[in-house]
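Single-structure report; data block below.
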Amino acid sequence: MAGGLQGSPVDVLEMGFEVKFCLIFVLLRVIFTDSSHSNQVVLLDTTAVLGELGWKTYPMNGWDTITEMDEQNRPIHTFQVCHVMEPNQNNWLRSNWIAREAAQKVYVELKFTLRDCNSIPWVSGTCKETFNLYYLEADESHGLRFRAGQYTKIDTIAADESFTQTDLGDRILKLNTEVREVGPVSRKGFYLALQDIGACIALVSVRVYYKKCPSTYRNLAIFPDTVPRVDSSSLVEVRGACVKNAEERDTPKLYCGADGDWLVPLGRCVCSVGYEELDGNCLACKPGFYKAFAGNIKCTKCPPHSLSHEEGSPVCQCEKGYFRAGRDPPTMACTRPPSPPRNVVFNINETSLFLEWSPPSDTGGRKDLTYNVQCKRCGSEPRQCEPCSGGLRFVPRPQGLTNASVTVLDFTGHSNYTFEIESLNGVSELSSVPRPVAAITVSTDQGGPPLVGLVKKDWASQNSITLSWQEPEQPSVTVVDYEIKYYEKEHEQLSYSSTRTKTASAIITGLKPATHYVFHVRAHTSSGYSSYSPKFEFETGDETSDMAADQGQVLVIVTAAVGGFALLVILTLFFLITGRCQWYIKAKMKSVEKRRAHCLNGHIPFPGIKTYIDPDTYEDPTQAVHEFAKEIDPSRIRIERVIGAGEFGEVCSGRLRSPSKREIPVAIKTLKGGYVERQRRDFLREASIMGQFDHPNIIRLEGVVTKSQPAMIVVEYMENGSLDSFLRKHDGHFTVIQLVGMLRGIASGMKYLSDMGYVHRDLAARNILVNSNLMCKVSDFGLSRVLEDDPEAAYTTTGGKIPIRWTSPEAIAYRKFSSASDTWSYGIVMWEVMSYGERPYWEMSNQDVILSIEEGYRLPAPMGCPVALHELMLHCWQKERSLRPRFTDMVSFLDKLICDPSSLLTLVEDMESYTQSLPESPGDVSDYPLFISIGDWLDSIKMSQYKNNFLAAGFTTLDSITRMSIEDVRRIGVTLIGHQRRIVSSIQTLRLQLVHVQDKGFHV
1 MAGGLQGSPV DVLEMGFEVK FCLIFVLLRV IFTDSSHSNQ VVLLDTTAVL
51 GELGWKTYPM NGWDTITEMD EQNRPIHTFQ VCHVMEPNQN NWLRSNWIAR
101 EAAQKVYVEL KFTLRDCNSI PWVSGTCKET FNLYYLEADE SHGLRFRAGQ
151 YTKIDTIAAD ESFTQTDLGD RILKLNTEVR EVGPVSRKGF YLALQDIGAC
201 IALVSVRVYY KKCPSTYRNL AIFPDTVPRV DSSSLVEVRG ACVKNAEERD
251 TPKLYCGADG DWLVPLGRCV CSVGYEELDG NCLACKPGFY KAFAGNIKCT
301 KCPPHSLSHE EGSPVCQCEK GYFRAGRDPP TMACTRPPSP PRNVVFNINE
351 TSLFLEWSPP SDTGGRKDLT YNVQCKRCGS EPRQCEPCSG GLRFVPRPQG
401 LTNASVTVLD FTGHSNYTFE IESLNGVSEL SSVPRPVAAI TVSTDQGGPP
451 LVGLVKKDWA SQNSITLSWQ EPEQPSVTVV DYEIKYYEKE HEQLSYSSTR
501 TKTASAIITG LKPATHYVFH VRAHTSSGYS SYSPKFEFET GDETSDMAAD
551 QGQVLVIVTA AVGGFALLVI LTLFFLITGR CQWYIKAKMK SVEKRRAHCL
601 NGHIPFPGIK TYIDPDTYED PTQAVHEFAK EIDPSRIRIE RVIGAGEFGE
651 VCSGRLRSPS KREIPVAIKT LKGGYVERQR RDFLREASIM GQFDHPNIIR
701 LEGVVTKSQP AMIVVEYMEN GSLDSFLRKH DGHFTVIQLV GMLRGIASGM
751 KYLSDMGYVH RDLAARNILV NSNLMCKVSD FGLSRVLEDD PEAAYTTTGG
801 KIPIRWTSPE AIAYRKFSSA SDTWSYGIVM WEVMSYGERP YWEMSNQDVI
851 LSIEEGYRLP APMGCPVALH ELMLHCWQKE RSLRPRFTDM VSFLDKLICD
901 PSSLLTLVED MESYTQSLPE SPGDVSDYPL FISIGDWLDS IKMSQYKNNF
951 LAAGFTTLDS ITRMSIEDVR RIGVTLIGHQ RRIVSSIQTL RLQLVHVQDK
1001 GFHV
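Numbering (full-length UniProt numbering), first residue to last: 1 to 1004.
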């Protein structure tokens, strides 16, 4: 046979042997593979039947049935027919009855080999190369006689590959696989039949199956097996059932396609209270954690002073002694009642009694602090106390006080009053422990005599009065200081002001011109306060009196000056020539050079905007401080507690009182003892910088203390501390709009600094402070030297250390700091905010960060980050600094986002699958401008006349625009060809802009 068939009679006799050889060869060559698919339900597979198939043949000598065992001892059922020498063949092979189950349409897969007729001699008129496939529907199996006319033809099957005699010699056969659809089927089952009309065939396997959409989990919902419809153009809508411990947020739906694929997911389920999502299931929160609201958020660790003992806790129970008020959210820490007030003092005169105290040392962790004042009137014996009569008046009221003071009127003289002051907060009523109070006993006999006698006015101007008095004559009395209380005569005495002095004189400033004031003075001794002096009334001067006083003073000054005029002139000229002149010229040259360099960098200040002046242009830092910062009397500062440690000393919180204002909370930075001159210069340098700024998003300098020890810098108090720690503490608690509002505030502050020509150099979330209203303010000016003590935060370059993770490439490599390098840092701050204080570049080393950025790596978008915000980050991280946006542009862009919240709905993770189907961006990200709305986009391409066309057709978002084709553009009414081309071209660019966040140029 290796020599081939040459057409002799022997060839005809050997035909059967050749076919048999063919079949055996097929059996040996067939490799069974797992052809199952998750979306297929198999009704019949001849390769999986262990026993006899029992298929019928008509006539009996037509198809041959052969069962062999493969190498794994599995049966192989095959059928062959090869009556090619005889004309008019009609050989039928019929399957058993096949139940259709849930199928509406079935698929028949045939695997077979077929001999090429041209390779068989003497059969040119009788050999065929096709066979036919039929089926017959029936509700049950029947043994009726086979009738070919009852069967419906499915198709004529032809082989894509046929084998020849040469193939047999080389042991290579070609296996054909053909699949045909049958349906719709409506009866309970059906038969298959194959008709041979004269071919040489070996049927290896028959597989019958139908397709289904397999059960699946999507968005925490279970969707059951679903059979698609016969009509391939229609989808089957399937409603899902939420998994255990989940609930519907929007009705979960999936659509089953004709090919057994799930399409178009809609709606979702979310994990119920006390459960969190993990690997598609809702698992109970572990003990020590809770989840108070339904949603796909993680369980949260119990707030301070609370705990949960069981799994699946919706709220954490408070520890013993701690409580949660009725309106407190479950996310709030448990709190306790406050401790009693401290340091209760009183002032009394003929008509009123003023009580004042300090807040409790422990507020219980709450801010809703109030005070109640209770009064008792006592006799000579302690037990002879009774509640005060109704004639006593408290201003503003005795209960629910928010300020730590109250005024008592209409009291009775020569009586003893005991005032008990208690602190309360929102959980005081929940505690069964008796409330501690602070008590003070006051005698209306006015105690001892006043130590201060006659008070006289030395002189007065329009806005100030100088007072003096005689010190006490008692040798046993040691005066600590004096207190002066004063108020306008025509006003209610309740609104008085006070000041202190250690000497027997004082200058009272901040007064109104030509106004009568009443003054009382008392001494503070080691044994307490004396009574106030009698009231003294003095009037401030007006413009005329000032002029007269000035004239008298001028005569004295002129007389005194005549004698020393020559000496004064000589000293003045010498100072100007040798010292002052040199300093002035040097400072002026530095300032001019700085402004010139700043303008060359493209930062030309706008008219009306101040220009930043570097304090280093002053030889004496104290002079710069006094020019830009206000000196504060340390007696007006009350330090309450230490809240941290700075580079130069402790950082404290306290209160600042001015003569004309009430106390305000402040933060105080102190210069520790034992400092060197360089530390003092750096400490004052920060105040000199801050004093030049006046913007709501820049930390406000209240003043400095330089004339006494320790030196202090007093700034406004920011209750929530640094932005990075604040975000980490409240991970996931804010909406995207709130986060964008924080970013907008930071950008506004940086715009102000940039316009003034100030480069921050250390912009990071740790240097942004947050107040109680979530307003962010830029802080830490000129203190980048702190980084020298932190090797992880900085990378050594020529000239010092810089914060690598926040610094632009040109600043790292060449120390080129500019507003553009601050823009790079602002992009990192944006990433910190959107990731809730995560560390930029995670655990990468500083050297790896530098190399990665140089190779084009940029931080990916945090989870839940809108595309528009990550777009802005990537713009800030342009390698070419001239391509980075200005802070003016970023403020405008963020304002547009806030005004159009729908622009924040598209998240970066939602764009991933869409990105993979698009070509890579041919250009740099900077080639594409940022757009917020359809109107914004159309305006940029000068096609604004079509805004209504897009909106009327339902294209309301930029995401929907990216899916438009040229036909869609024509359909909405754009008829001019030139306009069509411009819009379609811009759509392609817009599509690249929206998805370039996944471009490989921005990933490792």
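Heads up, the beta-carbon is just placed ideally off N, CA and C, and yes, glycines get one too.
Quantities reported herein were computed from a predicted structural model and do not represent experimental measurements.
Taking C-alpha atoms, which residue in E310, P304, E276 and P287 lies nearest to residue 1005?
The first residue shown for the chain is 1 and the last is 1004, placing residue 1005 beyond what the model contains.
Can you say whether V264 is buried or exposed, counting buried as having 16 or more other CB atoms within 10 angstroms of its CB?
exposed
Does the beta-carbon of Q89 have 16 or more other beta-carbons within 10 angstroms, so that it is buried, or is it exposed?
buried
Specify the secondary structure class of H524 as computed by DSSP and reduced to three states.
strand
Taking W937 as part of the alpha helix (DSSP H), name the residues at either end of that continuous run.
I934 to S940
Using the Cα positions of P387 and V406, report the straight-line distance between them to the nearest angstrom.
Distance between the alpha carbons of P387 and V406 is about 18 Å.
Between T706, L684, Q709 and V714, which lies nearest to P665 when the distance is taken from Cα to Cα?
Ranked by Cα distance from P665, the first of T706, L684, Q709 and V714 is V714.
Counting C-beta neighbours from all protein chains within 10 Å, is the total for L769 16 or more, i.e. buried, or is it exposed?
buried
Since D155 and L175 are thought to touch, with beta carbons under 8 Å apart, how far apart are those beta carbons, to the nearest angstrom?
Rounded, the Cβ-Cβ distance is 19 Å, inconsistent with contact.
In chain order, which continuous runs of the beta strand (DSSP E) of length 3 or greater are located wholly inside the segment 258-317?
262-271, 275-278 and 281-284
In whole angstroms, give me the CA-to-CA distance for Q582 and A711.
Because Q582 carries a pLDDT of 43, less than 50, the predicted location of this residue cannot be relied on, and no value is offered for it.
As a quick exercise: from H979, V984 and L905, pick the residue whose alpha carbon is nearest that of D959.
L905
Please classify P184 as buried or exposed, where buried requires at least 16 other C-beta atoms within 10 Å of its C-beta.
Residue burial annotation: P184 is exposed, with fewer than 16 other C-beta atoms found within 10 angstroms of its C-beta.
To the nearest angstrom, report how far apart Y717 and R884 are at their CA atoms.
Between Y717 and R884, the C-alpha separation is close to 34 Å.
Can you look up M873 in the DSSP assignment and give me helix, strand or coil?
helix
Is it the case that the CB of T989 approaches a heavy atom of the ligand NAD more closely than 6 Å?
Here there are no bound small molecules, and the ligand NAD is not part of this structure.
Does the beta-carbon of I632 have 16 or more other beta-carbons within 10 angstroms, so that it is buried, or is it exposed?
buried
Check whether the segment 689-698 and the segment 718-730 touch, using three or more Cβ-Cβ pairs below 8 Å as the test.
no
Output needed for A246: all residues of its chain with C-beta closer than 8 Å, excluding positions within five of it in sequence on either side, in chain order.
L220, A221, C269, V270, C271, S272, Y275 and C282
To the nearest angstrom, how far is the alpha carbon of L318 from that of G288?
Going by the sequence as given, residue 318 is Cys instead of Leu. When rounded, the distance between both Cα atoms is 12 Å.
Taking only three categories from DSSP, how would you classify Y517?
strand
Specify the secondary structure class of residue 1005 as computed by DSSP and reduced to three states.
There is no way to answer for residue 1005, as the model of the chain reaches only from 1 to 1004.
Could you have a look at R982 and say whether DSSP puts it in helix, strand or coil?
helix
Would you identify the three-state DSSP class for E52, choosing helix, strand or coil?
Shown here, E52 sits in coil according to DSSP, grouped into three states, outside any helix or strand.
Is I24 helix, strand or coil when you go by DSSP?
With a pLDDT of 44 at I24, under the threshold of 50, the modelled position of this residue cannot be trusted; read the value that follows with caution. Note: I24 maps to helix in three-state DSSP.
Quick one: give me the first and last residue of the beta strand (DSSP E) that V759 is part of.
From DSSP, V759 is part of no beta strand (DSSP E); its letter is neither H nor E.
Would you mind listing the alpha helix (DSSP H) stretches within the segment 632-691 that are 4+ residues and don't spill past its ends, in chain order?
677-690
Would you mind reading off the limits of the alpha helix (DSSP H) that contains A811?
P809 to Y814
If you draw a straight line from the alpha carbon of S985 to that of E967, how long is it in whole angstroms?
When rounded, the distance between both Cα atoms is 14 Å.
In this structure, how does DSSP classify S845 when only helix, strand and coil are distinguished?
coil
Could you tell me if G800 is buried or exposed, where buried requires 16 or more neighbouring beta carbons within 10 angstroms of its beta carbon?
Below a pLDDT of 50, predicted positions are generally treated as unreliable, and G800, at 49, falls in that range; the measurement from the model is reported next regardless. When all chains shown are included, G800 counts as exposed.
So the alpha helix (DSSP H) T622 belongs to, where does it begin and stop?
Counting along the chain, the alpha helix (DSSP H) containing T622 begins and ends at P621 to F628.
Please report the residue range of the alpha helix (DSSP H) in which A820 lies.
S819 to M834
Hey, out of D259, K253, E137 and E686, whose CA is closest to L266's CA?
K253
For Q6, does the count of other Cβ atoms within 10 angstroms reach 16, so buried, or fall short, so exposed?
Any reading at Q6 must be qualified, since the residue scores a pLDDT of 34, below 50, and its modelled position is unreliable; no value is offered.
Mind reading off the beta-carbon distance from R685 to P621? Whole number of angstroms is fine, and I expect it under 8 Å.
6 Å
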